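Take a look at the structure below.
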Amino acid sequence: MKLINALVLTLLLALPIIGFSAESININTANKETLMSVIKGVGETKAEAIIAYRKENGDFKSVDELVNVKGIGQGTIDKHKEQLSVSD
């Protein structure tokens, strides 16, 4: 019984760690589908706008530069900052 209790306690303590391990992507190389799946609130139109901005202006220098993309606000960036990068 002690072994079962210890296993249950270990699993319960591990849940928050599992829940916070989100996929991280490089916004300079991510395709449309990846952008849409990782950045909640970004659909096809916004993902295409991110890619178009990247093609017209070159690679993003920082994640905060996403604010220059039409339809992407600072709130979206702040919510997903830990999941986004500009390098591998």
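Numbering that gives the first Met the number 0 applies: residue 0 is where the sequence shown begins, and numbers increase by one. Even for Gly, the Cβ is constructed at its ideal location relative to N, Cα and C. All figures in this text were calculated on a predicted structure; none of them were measured in a lab.
As a quick exercise: from the options, pick the residue whose alpha carbon is nearest that of residue i.
i: Asn67; options: Tyr52, Asp58 and Ile3; result: Tyr52
i: Ile26; options: Glu55, Glu43 and Ser61; result: Ser61
i: Val37; options: Lys1, Glu43 and Ser23; result: Ser23
i: Leu64; options: Ile3, Lys1 and Ile76; result: The sequence given here has Glu at residue 64, not Leu. It is Ile76 whose Cα lies nearest to the Cα of Glu64.
i: Ser86; options: Asn4, Ala29, Lys1 and Gly72; result: Ala29
i: Glu47; options: Asp58, Ser84, Gly57 and Met35; result: Met35
i: Phe59; options: Ile3, Lys31, Ser84 and Leu2; result: Ser84
What residue range does the alpha helix (DSSP H) around residue i cover?
i: Gly74; result: Gln73 to His79
i: Lys45; result: Glu43 to Asn56
Determine the DSSP secondary structure at residue i, reduced to helix, strand or coil.
i: Ser84; result: strand
i: Asn30; result: coil
i: Phe59; result: coil
i: Ile24; result: strand
i: Val68; result: coil
i: Lys1; result: helix
Would you mind stating whether residue i and residue j have Cβ atoms separated by less than 7 Å?
i: Lys39; j: Gly70; result: no
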